[in-house]
Amino acid sequence: MAAEQDSGVNPPPDSRTPTGTLAPPIATDIPAEVLTALDITDTSANPPASLAGREAEFLMKLYEGLVRTRAFEDRMHSMYRSGDLLGSYYSGNWHEAISVATMAAMRDEDYFAPLHRDVGAHLMRGVPPEQVMASFMGKAIGPTGGRDGTLHYGRLDLNTYNPPSHIPANYPVATGMAFAAKYRGEDRVTVAVCGDGSTSRADFHEAVNIAATMQLPVVFQVQNNQYAYSTPLSVQTRSASFAIKAVAYGIPGIKCDGTDVIAVYDAMTEAIERARAGGGPTIVEAVTMRMHGHAEHDPADYVLPELKDEWGERDPVALFENRLIEADVLTAEAAGRVREDAKQWAIEARKIALAAPMPDPADIEEGIYAD
Amino acid sequence: MAAEQDSGVNPPPDSRTPTGTLAPPIATDIPAEVLTALDITDTSANPPASLAGREAEFLMKLYEGLVRTRAFEDRMHSMYRSGDLLGSYYSGNWHEAISVATMAAMRDEDYFAPLHRDVGAHLMRGVPPEQVMASFMGKAIGPTGGRDGTLHYGRLDLNTYNPPSHIPANYPVATGMAFAAKYRGEDRVTVAVCGDGSTSRADFHEAVNIAATMQLPVVFQVQNNQYAYSTPLSVQTRSASFAIKAVAYGIPGIKCDGTDVIAVYDAMTEAIERARAGGGPTIVEAVTMRMHGHAEHDPADYVLPELKDEWGERDPVALFENRLIEADVLTAEAAGRVREDAKQWAIEARKIALAAPMPDPADIEEGIYAD
Amino acid sequence: MQTEAKDTYTYLDAVAVALDSEMERDENVFLIGEDVGQFGGAFKVTSGFLDKYGPRRVVDTPIAETGVTGLAAGAALVGLRPVVEFQFADFISCAFDPIVNVLSRHHWRTGDPMPVTMRAPFGSRLRAGPTHSQSVESYFAHVPGIKIVMPGTAADAAGLLIASIRDNNPVLFLENKYLYRRLTTPAPLSLEPIEIGRAHVVTEGTDVTVVTYSAGVHQAVDAAEQLAGDGISVEVIDLRTVVPMDAETVFASVRKTSRAVVLHEAAEHLGMGAEIAAQIQREAFWHLDQPVERIAARNTPVPTSPPLEDAVVPQPAEIVETIRKVATA
Amino acid sequence: MQTEAKDTYTYLDAVAVALDSEMERDENVFLIGEDVGQFGGAFKVTSGFLDKYGPRRVVDTPIAETGVTGLAAGAALVGLRPVVEFQFADFISCAFDPIVNVLSRHHWRTGDPMPVTMRAPFGSRLRAGPTHSQSVESYFAHVPGIKIVMPGTAADAAGLLIASIRDNNPVLFLENKYLYRRLTTPAPLSLEPIEIGRAHVVTEGTDVTVVTYSAGVHQAVDAAEQLAGDGISVEVIDLRTVVPMDAETVFASVRKTSRAVVLHEAAEHLGMGAEIAAQIQREAFWHLDQPVERIAARNTPVPTSPPLEDAVVPQPAEIVETIRKVATA
Ligand SMILES: Cc1ncc(C[n+]2csc(CCOP(=O)(O)OP(=O)(O)O)c2C)c(N)n1
Ligand SMILES: Cc1ncc(C[n+]2csc(CCOP(=O)(O)OP(=O)(O)O)c2C)c(N)n1
Ligand SMILES: [Mg+2]
Ligand SMILES: [Mg+2]
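Going down the list, the protein sequences come from chains A, B, C and D.
The opening residue of the first sequence carries number 1 in the numbering used here; numbering runs sequentially from there.
The opening residue of the second sequence carries number 372 in the numbering used here; numbering runs sequentially from there.
The opening residue of the third sequence carries number 743 in the numbering used here; numbering runs sequentially from there.
The opening residue of the fourth sequence carries number 1072 in the numbering used here; numbering runs sequentially from there.
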């Protein structure tokens, strides 16, 4: 019977363990000199990025962002469980450092093209939390008034693109936003985000290649959370890392620890400032772990327990909190207050979202065409 | 006025000179050790591959293939000019060494997924020359009986896929043929061919990535002829070479001189035998120059004269003929006979094609569905 | 595994059982798609298949709809019978190019085989919004060479999927995800193939013909029952396969009833209803007492929010009233 | 440059002049596509534009239809007005996904602007075979939110292209490549925009209405002239834009003539003729003396060989006879 044959096209399931944990293949397989010659930086195996020389105000801003994002996520998880949402919720747990650092490294006028795990980024950009909630509830106060839902809450007035589900359709769109900025001689940068799985698609390849040949001011961030739905990295790509894919496009690549908010901030800052100065695109890979299911309905029992345990230790919010306390930027007591504030803020948002009306269908056929 | 501004998104036209001539960027920019560490071989700047230890019979087979292919090309050029064809002809001049060497490196039972410049490969695989001509004339004896035309003459009974115009649609199809061979435990290899321009598309990326993760027995050949229609390499990609794009997929890459039939043979043989042995895909880049227009209607005046001159010297047929004569494998007289035979063979084919009938439209609506 | 013997089979079970039986029967059949292996697919249709058939025949892929569809074409060309799963029908847009330019035309161009089955869960009413609710049959129905199969019942899902896999052509097999777990059929589940291109007269009637397919069948039958109470006799035709379409069954019915309504959840403009109405008015013109009416979604994307989605996709009251109007005008 | 003052303008000249005038008028308009720069495009429409406008506004791209279309969407979102050239309409299949899932729905979802013009040379009769002869309007006409403009004359090509570029929506502007150099219009060429969504009654008549667009207009007018000799009065309507369609003009004509034929070179099955016939039979049912007939390509790909292509795409005799039959039956 077929199942017993060993001419398997894929390796058998047990051997398909995810690769790309923080002892990354590129650091072990490819010598550092080689990476340097290729313009690939890998800081992901380094000790945490140093806090030295960073202003307390800045560090506290990051911290508050992390805590708020986590508080929001926690609220969404319980809203999912209590049936407040129309469908599922795409958790960004363990992505908080990436979202918050990315927003900190960007200017308000920079364009942002997110995907589904970037809730923290939207919150940092100024989308009120009740609007995000409303998007998952079909409420009239959602950014699309209930026409679209779930993760589709990008607001162009906040220089953020609202992507469709098709991943990563935001990548080509981001090249266009960057094209426009360059066309007009503005020094805005565009940041596009996708996941490890999204890198396998047409849109990734065509967008990065176009942006590279045109030297557009865009940063392509890959949030490597080691899974695409149930699919581990080994089924997604055979390349040594996502950062190293930059070689195929003749641009620089950076790989960093996605649970270290400072490391992500430094990587994104380097890439963004290079783009702003006319140096073209960079691929920035931030490595983390998807700690929940693809969305809340998914128990994710395909994830190896060891991997969950290993990464469970690396909570980007707790890690940063501890470092700030160690560095005397924060006290445990102040941290408690920040957390409590954030919790109340999220609870308040839920109240508003629950009380908000459903949209009126009267004009649903309008708006197919712009005037 | 806009034309005078210098915030150009593309570099100004004059600076868009083609890169990637045989002093290739990767050889100069990226140290050899780096390429080795990445499993990229670049023999394209080497002296011609040695003839030592190759059997005369084998060398003569290559030579005859080159001469026939050239004779066929010459006939097609004049048939285009005399109005024998329905439309244009896509010349494979200066691609002859790639086609002939590739076929020599393959077994008959290996699958082949060509594109539009591979006429020599079809001839070597056994497509009668009048059938290829008929395909450009809409004649009933063409491989599709006039339903399709021009370059669409792949014959599955010769283990060759017949591609549509969309480039490189043959790449994903080739992964499927390779998948089937692996599925059945056969040791057939599949070779897929595309041009430099085709590498920018979805199909290239998705196919190579899939084949790499599944370790399918397929070789992805890129015929880098430095132009895609009018588009030079610098507009197509910023990567140092096409071979090095293999890094993005975690597979080996080889770059070779596409005007040296032995160099291509060696590169393809290495890649094919690796695939046959279960070692997965390779990207093989063969560098040449497109010496005619994209097709015969195109005067190609966008090509820099220096480039045409430089490459004009590198006629793959003449180069090999001279080497065989130098090595005493061939005499000038024998060469003349081979050339004259080939010319008559092509003239004969034209006669057959001209005399062939047009297809009968009676059953044109049949065959939409297979039984 | 959804394929064990059961008392009743859901629409989803039926798909799984059909897949299982074809894989048992023919070594050349294999499954390929995103998350179809250990995870069993986003809707769990292929749950347990990896354990039974192994990674050779149940193949997880990168996220690459273009490439995977092309791969299926290449494998089919040389003798395999791939069954591709699209996670949602909406993502088939990413495979539009190979479906149109490789799969659909290849046999006509060359005579080579192209037996690829493409399974995709489609449709609305799950509050899933514009990019998880699309009806995609019209994207492909204009293109010669693709068959489009859209079963409305669990029994048809099984029989038609078996026929699709055995068919030597590219078949788009569109599973209505709203029905997956809402519809059941009692055992035994027949594993006889059901001929592609044969409609099924679900309820016979004399006053008006309703031509529909997929979930529309149930909406039409519900409406027919309600209208029967008012003395209106509705004939409901389930096309089952929209390409090729069993036009003769439709024309025969309309010649009898003289009135016709087409119902589908795809948007009206250039939906299948346009082709069906155009054919009916041509072939049964002298029998028609009323113009052919179309009941379809508004010409908008499918919204997420419940009141909005309900305003866009056909609702029971609209269906009943439109049929009544055509039957009684 | 095809844009200098001339005595007569070809259809191709008209497109070039319109592009030039919009680029002069609006700094936000830029051209993007494969080989559009120094080479001037595969059909030489943009010849000379690089010299005049420079590489900032005339942008050659890698071969990447998906990516370039997405790029255009992003640029349009933030204030530019991209004009994308597809080398052949056949290759727009590679941009189906972004057109459907990004461009078409974005304004409806968000209220954001999406002014992208997509130019593509389409159509048959050039012996160019299955993948260089496609008519692609039906691929997109089912999708809400895209306008589809298909001029049949040089003057309309200019006026409608200007309107398309100024339109705040994604517009598919389909140029009939058979007409490029076969059709001329005398100077002066008007550069007034022509409203999108307005049909043009090309010849007035009383016996039968022919609804058509693009090259079909000339085939219909030729047939009308021939039939006039037999005393049959044909009204030819050039839709000019197939989405949105000027249905009122069509209905008014059919109410007058009581007979209708739709003509296009796309395949019949779910071609625009299906939608048009379905609408006519509904809105003018009581006026119709005959069913609406469709003249269209056979439901096959477009073959290369002349006798085969002629058997597939509508020919003059078939057009004349079908119109005569409908007019006189
Ligand atoms: C073109 C396309 N195919 C399939 C999907 C379904 N889908 C949504 S998210 C997802 C996994 C994405 O993985 P990754 O890019 O790693 O992002 P992550 O969810 O891990 O953040 C898939 C397969 C999609 N949205 N688009
Ligand atoms: C998807 C797609 N877009 C555009 C074209 C039109 N086209 C045909 S060949 C060609 C250039 C191909 O260049 P390259 O891949 O370098 O091959 P070469 O012709 O140089 O051998 C283009 C743009 C096409 N066939 N398919
Ligand atoms: Mg992921
Ligand atoms: Mg080339």
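Glycine included, each C-beta is placed from N, C-alpha and C at the ideal position.
| query | result |
| --- | --- |
| Determine the direct distance from the alpha carbon of Ala178 (chain A) to that of Leu1148 (chain D), and round the result to whole angstroms. | 11 Å |
| From the DSSP output, in three-state form, read off Lys1218 (chain D) for me. | strand |
| Which two residues bound the contiguous beta strand (DSSP E) that contains Leu916 (chain C)? | Val913 to Asn918 |
| Does ligand 4 have a heavy atom nearer than 7 Å to the CB of Asn596 (chain B)? | yes |
| Against chain D, does Pro383 (chain B) count as a neighbour if the rule is that its beta carbon must be under 8 Å from one of theirs? | Here Pro383 (chain B) scores only 37 on pLDDT, less than 50, and its place in the model should not be relied on; the value that follows carries that caveat. With 8 Å as the cut-off, Pro383 (chain B) counts as an interface residue toward chain D. |
| With a threshold of 7 Å, establish whether the CB of Arg1176 (chain D) neighbours any heavy atom of ligand 1. | no |
| On the criterion of 16 or more Cβ atoms from any shown chain inside 10 Å, does Ala23 (chain A) qualify as buried, or is it exposed? | Residue confidence is low: Ala23 (chain A) scores 32 on pLDDT, short of 50, so the model does not pin down where it sits. Its coordinate-derived value is still stated next. Burial call: exposed. |
| Report the neighbours of Ala1144 (chain D) on chain A: residues whose CB is nearer than 8 Å to its CB, in chain order. | Pro172, Val173 and Gly176 |
| Rounding to the nearest angstrom, what Cα-Cα distance links Pro129 (chain A) and Gly280 (chain A) in this structure? | 34 Å |
| Starting from Asn224 (chain A), follow its DSSP beta bridges and name the residues at the other end. | A:Val287 |
| Residues in its own chain within less than 7 Å of Glu480 (chain B) by CB, not counting five upstream and five downstream? | Asn530 and Arg559 |
| Between Ala27 (chain A) and the rest of its own chain, which residues show a CB-CB distance below 8 Å, the 5 nearest in sequence each way excluded? | Interpretation of Ala27 (chain A) is limited by its pLDDT of 35, a score under 50 that renders its predicted location unreliable; the figure taken from the coordinates is listed afterwards. Same-chain partners within the cutoff: Asp42, Ser44 and Ala45. |
| What residues from chain A crowd round Asp1106 (chain D), counting only those whose CB sits closer than 7 Å? | Per Cβ cutoff of 7 Å: no residues; Asp1106 (chain D) is ~14 Å from chain A at best. |
| Considering only their Cβ atoms, is the gap separating Asp631 (chain B) from Ala475 (chain B) smaller than 8 Å? | no |
| Please classify Pro299 (chain A) as buried or exposed, where buried requires at least 16 neighbouring CB atoms within 10 angstroms. | exposed |
| If you reduce the DSSP assignment to three classes, tell me which class Pro25 (chain A) lands in. | At Pro25 (chain A), the pLDDT of 38 sits below 50, so the modelled position is not reliable; the number obtained from the coordinates is stated separately. Helix, per DSSP. |
| Hey, does His849 (chain C) have any beta-carbon neighbour from chain B nearer than 8 Å? | yes |
| Are the C-beta of Asp1097 (chain D) and some C-beta of chain B separated by less than 8 Å? | no |
| Contact criterion: CB-CB distance below 8 Å. Does Asp1131 (chain D) meet it with respect to chain B? | yes |
| Hey, how far is the Cα of Leu813 (chain C) from the Cα of Asp489 (chain B)? | 22 Å |
| Between the stretch 243 to 256 of chain A and the stretch 121 to 141 of chain A, are three or more C-beta pairs nearer than 8 Å? | no |
| Is it the case that the stretch 455 to 466 of chain B contacts the stretch 655 to 663 of chain B, given that we only count it when at least three CB pairs across the two stretches are under 8 Å? | yes |
| To the nearest whole angstrom, what separates the beta carbons of Ile1014 (chain D) and Glu1093 (chain D), a pair I think is in contact under 8 Å? | Given a span of 1072 to 1400 for chain D in the structure shown, any question on residue 1014 (chain D) remains unanswerable. |
| Under the criterion of a Cβ to heavy atom distance below 7 Å, does Ala228 (chain A) qualify as lining ligand 3? | yes |
| List in chain order: all unbroken alpha helix (DSSP H) runs of 4+ residues lying wholly within the stretch 478 to 542 of chain B. | 490 to 496 and 500 to 506 |
| Determine the closest residue to Phe1162 (chain D) out of D:Phe1101, D:Ser1324, D:Thr1079 and D:His1203, with distance taken between C-alpha atoms. | D:His1203 |
| Buried or exposed, going by whether 16 or more other CB atoms sit within 10 Å of the CB of Gln748 (chain B)? | The structure shown has nothing for residue 748 (chain B), since chain B only spans 372 to 742. |
| Below 8 Å between beta carbons is the criterion; list the residues of the stretch 1154 to 1167 of chain D that meet it against any residue of chain C, in chain order. | Asp1161, Ser1164, Cys1165 and Phe1167 |
| State the start and end residues of the unbroken beta strand (DSSP E) segment that holds Val1314 (chain D). | Thr1312 to Val1314 |
| Give every residue of the same chain whose Cβ lies closer than 7 Å to the Cβ of Thr175 (chain A), excluding the five residues on either side of it in the sequence, and list them in chain order. | Ala207, Ile210, Ala211, Leu216 and Val218 |
| For Asp363 (chain A), verify whether its CB is less than 7 Å away from any heavy atom of ligand 3. | no |
| What first and last residue would you give for the beta strand (DSSP E) that runs through Ala1009 (chain C)? | Ala1002 to Ala1009 |
| Please list, in chain order, all residues of the same chain as Cys1165 (chain D) whose beta carbon is under 8 Å from its beta carbon, the five residues on each side excluded. | Glu1136 and Thr1137 |
| Evaluate Pro18 (chain A) with the Cβ neighbour count: other Cβ atoms within 10 Å of its Cβ, from every protein chain shown; 16 or more gives buried, anything less gives exposed. | Summary for Pro18 (chain A): the model assigns pLDDT 40, below 50, so the residue's position carries little reliability, and this model does not support an answer. |
| Is there at least one non-hydrogen atom of ligand 3 closer than 7 Å to the beta-carbon of Gly293 (chain A)? | no |
| Considering only C-alpha positions, which residue in the set D:Gly1108, D:Pro1201, D:Phe1193 and D:Gln1205 is nearest to Gly1223 (chain D)? | D:Phe1193 |
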